[in-house]
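The listed protein sequences derive, respectively, from chains P and G. Going by my numbering, the letters in the first sequence line up with residues 89 to 266, in that order. Going by my numbering, the letters in the second sequence line up with residues 464 to 701, in that order. Where is the CB? At the ideal position from N, CA and C, for every residue including glycine.
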Amino acid sequence: MKSDINLLLKTKTEVAKKLKLSGLLKIISITSVVVIVLLALSLYILSRLLSLEPIKEKQNAVISNINLLKNKQAKLIIVRNKLDNAAQIITKRPKFDSDIRTVIAKVPSEVSSQSLNLDKQKLTFNVASNSLKQINDFINNFTEMARSKNLIQDLTLGGVNFDPKSGSYSINIEGSML
Amino acid sequence: MREKVNVDAEALKLLYKRYKEYIVPCFVIFICVLLFFIVIISQIKDLIKVSKQRDTELKKLEVLKSNLNILSGVNSSVLDSQFDVISSALPPNKDFEGIITGISGAAQRSNVGLSDFALQVGDLSETEVTSGEFPFLGIKLNIQSSYQQSADFITELFKSFPLAEITDVSLSDRSTGISVVFYYKPMPIIEIDNYEPIKTLSKNNLDLMNELSVWNSISALSMPFPASSTPSGSSSPF
Chain P
89 MKSDINLLLK TKTEVAKKLK LSGLLKIISI TSVVVIVLLA LSLYILSRLL
139 SLEPIKEKQN AVISNINLLK NKQAKLIIVR NKLDNAAQII TKRPKFDSDI
189 RTVIAKVPSE VSSQSLNLDK QKLTFNVASN SLKQINDFIN NFTEMARSKN
239 LIQDLTLGGV NFDPKSGSYS INIEGSML
Chain G
464 MREKVNVDAE ALKLLYKRYK EYIVPCFVIF ICVLLFFIVI ISQIKDLIKV
514 SKQRDTELKK LEVLKSNLNI LSGVNSSVLD SQFDVISSAL PPNKDFEGII
564 TGISGAAQRS NVGLSDFALQ VGDLSETEVT SGEFPFLGIK LNIQSSYQQS
614 ADFITELFKS FPLAEITDVS LSDRSTGISV VFYYKPMPII EIDNYEPIKT
664 LSKNNLDLMN ELSVWNSISA LSMPFPASST PSGSSSPF
């Protein structure tokens, strides 16, 4: 017995296919509309929720409170600014007081200081003594200072003079400041 | 045999009626796709942009709140005293009185007698120079003192207000010549941006402020400069 006989007419199967297709299209179109509407609605609600207005209002409220403290704010800024400036000045100014003490400490007891000039670049020192040994100690002390880069970085000996009247030797040294 | 069909209004109507159940849903789907790409996607982009803006604004709000908290927490009297101290250390203009008081106080504290230094008043106006960002007044001092006293005097001068810097020192047996510059700093033009975070005083700032306060209190204990005791002070402009 034949079992593959199609009893429906060919046109009827086509109609069924068409109905199925149109049904599917309807479902897709309705779903599309629903999705679009839902999306639009969600976006509208989100945009309302993310509105900047309430934040701006809060900002303005805080700013109006800060404005009441403007004087304080200005003073704080000035204090900070001037403190930074003061720190800069204090840090960069040469410490001539400690330099003088350092230099004095290096002068042997029997050597007298005649003159000492200090500026940012150089140190010039004139000393006198009756003892050449003390002058020698003085030169050694300052040579050591230059070698150890203590206050000066080099040393120039100006020459030794002898005053026959007083019987004292005087010496002049010059060094570049660190 | 198929008829020839003219594509005119009648034919379109016929076609529409015949395929209506396909055409309408297809058209709806097409419109929905168009709406999605044209409207929805641009709305999503806008929303992302707004969300970023919101984050920025929220951060600004946090900065504002933090600024308000900082300013509310600053003790006015402490700030005023800090302002006074730093204004003495670095005055907004040429503080002649402060300079003379500073020199006088330093001389007293270092045991250099008041009659032992001469203030070249003429230099006050002549040596006004601006170096870098700090304007200053230059003064040449001559003090009668030993080396040790000169060092002490400079130490004390460093602790006096306005802030001073020694540019050169010439010491001889009994006298010392010192070139000093006293700094001042005009008040800066302050442009306050509310959205800029306010910085409080750092630890270094506070340490320096404490040091300056100590110097200020030491200076305050010094006697004021007596006009009669300046060897060359007869032409004092104050």
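- Message: Counting C-beta neighbours from all protein chains within 10 Å, is the total for residue 161 (chain P) 16 or more, i.e. buried, or is it exposed?
- Response: Buried: at least 16 other Cβ atoms inside 10 Å.
- Check the Cβ of residue 539 (chain G) against every Cβ in chain P and list those closer than 7 Å, keeping chain order. Those within 7 Å of residue 539 (chain G) in chain P are 160.
- Quick one: list the residues of chain A neighbouring residue 637 (chain G), beta-carbon separation under 9 Å, in chain order. Note that chain A does not occur in the displayed structure, where the protein chains are P and G.
- Task: Would you kindly work out how many angstroms separate the C-alpha atoms of residue 457 (chain G) and residue 529 (chain G), rounded to a whole number?
- Result: Because chain G spans 464 through 701 in this model, residue 457 (chain G) falls outside it and cannot be assessed.
- residue 538 (chain G) in three-state terms, based on DSSP: Looking at residue 538 (chain G) - three-state DSSP - the assignment turns out to be coil, as it is neither helix nor strand.
- Exposed or buried, what is residue 650 (chain G) when buried is set at 16 or more other beta-carbons lying within 10 Å of its beta-carbon? In this structure residue 650 (chain G) is exposed. Its beta-carbon is surrounded by fewer than 16 other beta-carbon atoms within 10 angstroms.
- Distance between residue 624 (chain G) and residue 659 (chain G) (C-alpha atoms, nearest Å): Between the alpha carbons of residue 659 (chain G) and residue 624 (chain G) lies a distance of about 32 Å.
- At a CB-CB cut-off below 9 Å, which residues of chain G make contact with residue 264 (chain P)? Chain G residues near residue 264 (chain P): none, gap ~15 Å exceeds 9 Å.
- Query: Which residues of chain G have a Cβ atom closer than 9 Å to the Cβ of residue 202 (chain P), listed in chain order?
  - Reply: What residue 202 (chain P) touches in chain G, judged by beta-carbon distance under 9 Å, is 635 and 636, going in chain order.
- Message: Is it buried or exposed, residue 241 (chain P), if we count other Cβ atoms within 10 angstroms and call 16 or more buried?
- Response: Label assigned to residue 241 (chain P): exposed.
- Message: Please identify, using Cβ separations under 8 Å, the residues of the segment 546 to 557 of chain G that lie next to chain P, in order along the chain.
- Response: Those residues of the segment 546 to 557 of chain G placed with their C-beta closer than 8 Å to a C-beta in chain P are 546, 549, 550, 552 and 553, ordered along the chain.
- Query: So, does the CB of residue 268 (chain P) fall closer than 8 Å to a CB anywhere in chain G?
  - Reply: In this structure chain P extends from 89 to 266, so residue 268 (chain P) is not present and cannot be described.
- List the endpoints of the continuous alpha helix (DSSP H) containing residue 430 (chain G). Limits of chain G in this structure are 464 at one end and 701 at the other, which puts residue 430 (chain G) out of reach.
- Hey, could you find the ends of the alpha helix (DSSP H) residue 477 (chain G) is sitting in? Here the alpha helix (DSSP H) through residue 477 (chain G) covers 472 to 498.
- If you draw a straight line from the alpha carbon of residue 601 (chain G) to that of residue 561 (chain G), how long is it in whole angstroms? Rounded to whole angstroms, residue 601 (chain G) to residue 561 (chain G) spans 14 Å at the Cα level.
- Task: Consider the C-beta atom of residue 121 (chain P) and the heavy atoms of the ligand NAD; say whether any pair is separated by less than 7 Å.
- Result: Summarising the ligand content, the structure contains no ligands, and the ligand NAD is consequently not present.
- Task: Taking all protein chains shown into account, decide if residue 221 (chain P) is buried (16 or more other Cβ within 10 angstroms of its Cβ) or exposed.
- Result: In summary, residue 221 (chain P) is exposed, with fewer than 16 beta-carbon neighbours lying within 10 Å of its beta-carbon over all protein chains present.
- Query: What residues in its chain sit with their C-beta under 7 Å from that of residue 526 (chain G), if we drop five residues either side in the sequence?
  - Reply: Once the five neighbours on either side are set aside, the close Cβ partners of residue 526 (chain G) are 658 and 660.
- Cβ contact (3+ pairs, closer than 8 Å) linking the segment 613 to 629 of chain G and the segment 176 to 188 of chain P: Contact between the segment 613 to 629 of chain G and the segment 176 to 188 of chain P is present, because at least three Cβ pairs lie under 8 Å.
- residue 131 (chain P) in three-state terms, based on DSSP: In the structure shown, residue 131 (chain P) sits in a helix (DSSP, three-state: H, G or I).
- Message: Distance check for residue 503 (chain G) and residue 125 (chain P), CA to CA, integer angstroms please.
- Response: Computed Cα separation, rounded: 10 Å.
- Query: Should the segment 207 to 227 of chain P be regarded as contacting the segment 159 to 178 of chain P, the criterion being three or more beta carbon pairs within less than 8 Å?
  - Reply: No: the two stretches stay apart, fewer than three of their Cβ pairs being nearer than 8 Å.
- Message: For a contact defined as C-beta to C-beta under 7 Å, what are the partners of residue 222 (chain P) on chain G?
- Response: Near residue 222 (chain P) there are no residues of chain G at all, since even the closest Cβ is about 17 Å away, more than 7 Å.
- Quick one: grab the DSSP three-state call for residue 740 (chain G). Since the displayed chain G opens at 464 and closes at 701, residue 740 (chain G) lies outside it and no answer follows.
- Query: In the segment 595 to 616 of chain G, which residues sit with their C-beta less than 9 Å from some C-beta in chain P, listed in chain order?
  - Reply: Cβ contacts with chain P come from 596, 597, 610, 611, 613, 614, 615 and 616.
- Unbroken alpha helix (DSSP H) run spanning residue 259 (chain P), endpoints: Premise fails: residue 259 (chain P) lies in the beta strand (DSSP E), 256 to 264, not in any alpha helix (DSSP H).
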